[in-house]
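Novice: One structure coming up, written as structure tokens, with questions to follow.
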Amino acid sequence: MTSSFSSLLLAEPLARAVAEMGYESMTPIQAQAIPVVLTGKDVMGAAQTGTGKTAAFSLPLLQRLMRHENSSASPARHPVRALVLLPTRELADQVAQQIALYAKHTKLRSTVVFGGMDMKPQTLELKKGVEVLVATPGRLLDHIEAKNVVLNQVEYVVLDEADRMLDIGFLPDLQRILSHLPKARTTLLFSATFSPEIKRLAGSYLQDPVTIEVARPNETASTVEQRFYSANDDDKRRAICTVLKDRGIRQAFIFSNSKLGCARLTRALERDGYRAAALHGDKSQDERLKALEAFKQGEVDLLVCTDVAARGLDIKDVPAVFNYDVPFNAEDYVHRIGRTGRAGASGLAVTMVSSSDTRLVADIEKLIKKKINVEAIELPDARRYRERDPRRDVAGREEVQRSASMPSTRPMRGARPVRSAPADPFFDKPYEASDAHTPSWDAAGSTGPKAVTPGLKTKRKVAALFKPAGSY
Ligand code: AMP
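Right under this line is the structure:
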């Protein structure tokens, strides 16, 4: 099978858009899925994010819809013909942006609706008429109930990141939405894994689907260097900062298992002098989109996320991913580190492992079928760290002081300023403005931080902590 887009005989407006995107050849999921979707068959695709699956379903879908292209302004002439459902607002926004780019030389209209934003502008867009509607399930139901949208002419429905939609508990919403759609339609389901629940969903809503699997779902990219460091909770942040500095990493994703942990870690990293932003479900939609944009523009160094908020985000060239917490589900480990080492670029994935994480690490080991060695990491003492850290120079200190006295000048426009002095587990005392110019481990006082086991001056493997895969 040739992997050139020209072999597809895409309509000129689509071929032009693809050329403008700079795509030279098809990715494996595209090479396999596009010809099948063009035939109108149902597809069940296992593809991780970053594989090019958005184009894999959008291009053939747009090609098929082009027969309805209509230059009339009448909304009635632009009914929804394709519905793309995604679990999170960011993903919906991202996919909608890609579809708009692929469709830009056609007369097809597209829009996106998701929660957390005012319904009115979305309603206006819907009432104008769109052929392609990208949506999160909850908000789509709101619009269906408000009779802002009619779905009786839908020909294509895409359930993207279907496993995550089920994890979030969207099954009842999906069932209700699907009940509004014509029976004669093409259904495309994409999921990172084919769990029994996904197979059941496919069994209920797909007809004789073609299964496409491009990479083993639990595979981690060989271009990602995976490191596991032993660190207790008090040392994790310092360990991350040490790796960032030692490796000269400018931007990274840091994953936390909880929204609260995410918010606290972001604040602590800001106090350390980093430009950090949080991405989790309690942030307003506006804040989340701004955080993403600021990261993409290089205005934010560290994006601290929860799994749900970060799933599938297409941010190119993230040099490193840190797991502040070992994820509860081994699959999430694969998703998390899939943010780095994309498209053949090299990446680094660092996981902080505390003594209570043994079981979770063993689960990851089993899933990725690679032996995990948990190493010790040498943490410099506070003074040495301060001397060696370029962020602690005069300019860096001024920047941190400024942001302490004027919370609204924090790098994240729209980020909630710290109004009070919350007790913070990363500090031995509650955060006060006067701490802001001081590295947090200095704030612990003259006793300094509780560093990793004394005597561990050089990195050494402590693999013995963990039994080999299969022994559990
Ligand atoms: P996705 O997996 O759909 O989120 O796509 C990941 C990224 O790959 C997006 O930024 C796409 O623009 C990009 N992409 C998709 N298809 C190709 C291609 N054939 N060649 C190069 N980049 C692509």
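Taking full-length UniProt numbering, the leading residue of the sequence shown gets 1, the next gets one more, and so forth. All residues carry an ideal CB built from backbone N, CA and C; glycine is no exception.
(1) Where does the unbroken alpha helix (DSSP H) through glutamine 97 begin, and where does it stop?
(2) Taking the beta strand (DSSP E) that alanine 252 falls in, what are its first and last residues?
(3) Let me confirm a value: glutamine 226 is counted as buried when at least 16 other C-beta atoms fall within 10 Å, else exposed. Which label applies?
(4) Ordered along the chain, which non-local residues of its own chain (more than five positions away) have a Cβ less than 6 angstroms from that of leucine 269?
(5) In the structure shown, what three-state DSSP assignment does glutamate 131 receive?
(6) Near aspartate 332, which residues of its chain fall below 7 angstroms by C-beta distance, leaving aside the five closest residues on each side in sequence?
(7) Name the DSSP bridge partner or partners of serine 71?
(8) Does the distance between the C-beta of alanine 56 and the nearest non-hydrogen atom of the ligand AMP fall short of 8 angstroms?
(9) Determine, using beta carbons only, whether glutamate 213 and threonine 186 come nearer to each other than 9 angstroms.
(10) Thinking cysteine 262 and cysteine 305 are a contact (beta carbons under 8 angstroms), I'd like their distance in whole angstroms, please.
(11) Less than 9 angstroms separating the beta-carbons of asparagine 102 and valine 43?
(12) Leaving out the 5 sequence neighbours to the left and right, which residues in its chain are closer than 7 angstroms to arginine 176 when beta-carbon positions are compared?
(13) Quick one: is phenylalanine 295 buried, meaning 16 or more other Cβ sit within 10 Å of its Cβ, or exposed?
(14) Based on Cα-Cα distance, which residue from Ala310, Asn323, Ser356 lies nearest to serine 256?
(15) Tell me whether methionine 21 is buried or exposed, calling it buried when 16 or more other Cβ atoms sit within 10 Å of its Cβ.
(16) For the 8 angstroms Cβ check, are there 3 or more pairs between the region 178-197 and the region 156-165?
(17) Assign isoleucine 212 to one of three DSSP states: helix, strand, or coil.
(18) Output needed for lysine 41: all residues of its chain with C-beta closer than 6 angstroms, excluding positions within five of it in sequence on either side, in chain order.
(19) Excluding the five sequence neighbours on either side, which residues of its own chain have a C-beta within less than 8 angstroms of the C-beta of lysine 259, listed in chain order?
(20) Tell me, please, which residues DSSP counts as bridged to threonine 186.
(21) Among Val149, Arg139, Thr358, which one has its Cα closest to the Cα of aspartate 118?
(22) State the start and end residues of the unbroken beta strand (DSSP E) segment that holds threonine 111.
(23) Can you name, in chain order, every residue of its own chain whose Cβ lies under 7 angstroms from the Cβ of glutamine 30, other than the five neighbours on each side?
(24) Helix, strand or coil, according to DSSP, for tyrosine 205 in the structure here?
(25) To the nearest angstrom, report how far apart phenylalanine 228 and serine 74 are at their CA atoms.
(26) Tell whether a beta-carbon distance below 9 angstroms holds between arginine 237 and leucine 265.
(27) What separation, rounded to the nearest whole angstrom, lies between the Cα atoms of leucine 151 and glycine 129?
(28) Give me the Cα-Cα distance between leucine 292 and aspartate 93, rounded to the nearest whole angstrom.
(29) Using a threshold of 9 angstroms, state whether the C-beta atoms of threonine 136 and leucine 85 are closer than that.
Specialist: Short version:
(1) Unbroken alpha helix (DSSP H) run through glutamine 97: 89-102.
(2) For alanine 252, the enclosing beta strand (DSSP E) starts and ends at 252-255.
(3) The residue is buried, with at least 16 neighbouring Cβ atoms inside 10 Å.
(4) Take leucine 269, set aside five residues on each side of it, and the residues of its chain with a beta-carbon closer than 6 angstroms to its own are Ala276, Leu302, in chain order.
(5) In the structure shown, glutamate 131 sits in coil (DSSP, three-state: anything other than H, G, I, E or B).
(6) Result list for aspartate 332: Asp307, in chain order.
(7) Looking at the DSSP output, serine 71 shares a beta bridge with no other residue.
(8) Yes, the ligand AMP has a heavy atom inside 8 angstroms of this Cβ.
(9) Their beta carbons are not under 9 angstroms apart, which means glutamate 213 does not touch threonine 186 by this criterion.
(10) So it is a contact: roughly 7 angstroms between Cβ atoms.
(11) First, the residue type needs correcting, since residue 102 is tyrosine and not asparagine in the sequence shown. Inclusion of tyrosine 102 and valine 43 in the CB contact set at 9 angstroms is not warranted, their separation being larger than that value.
(12) Excluding the 5 residues flanking it on each side, arginine 176 has same chain C-beta neighbours closer than 7 angstroms at Leu141, in chain order.
(13) It is buried - the Cβ of phenylalanine 295 has at least 16 other Cβ atoms within 10 Å.
(14) Comparing alpha-carbon positions, the option among Ala310, Asn323, Ser356 lying closest to serine 256 turns out to be Asn323.
(15) That one is exposed.
(16) Contact holds: three or more Cβ-Cβ distances are below 8 angstroms.
(17) In the displayed model, isoleucine 212 falls within a strand according to three-state DSSP.
(18) Result list for lysine 41: Val210, in chain order.
(19) Excluding residues within five positions, the ones whose Cβ falls inside 8 angstroms are His280, Gly281, Asp282, Thr306.
(20) In the DSSP assignment, threonine 186 forms a beta bridge with Tyr156.
(21) Answer by Cα proximity: Arg139.
(22) Judged by DSSP secondary structure, threonine 111 falls within the beta strand (DSSP E) whose first and last residues are 110-113.
(23) Excluding sequence positions up to five before and after glutamine 30, its CB lies within less than 7 angstroms of the CB of Gly52, Ala55, Ala56, all in the same chain and listed in chain order.
(24) Of the three classes helix, strand and coil, the one that applies to tyrosine 205 here is helix, per DSSP.
(25) For phenylalanine 228 and serine 74, the distance between alpha carbons rounds to 58 angstroms.
(26) If you check the CB distance, arginine 237 and leucine 265 come in under 9 angstroms.
(27) Straight-line measurement puts the Cα of glycine 129 at about 11 angstroms from the Cα of leucine 151.
(28) Going by the C-alpha atoms only, they are around 11 angstroms apart.
(29) Their beta carbons are under 9 angstroms apart, which means threonine 136 touches leucine 85 by this criterion.
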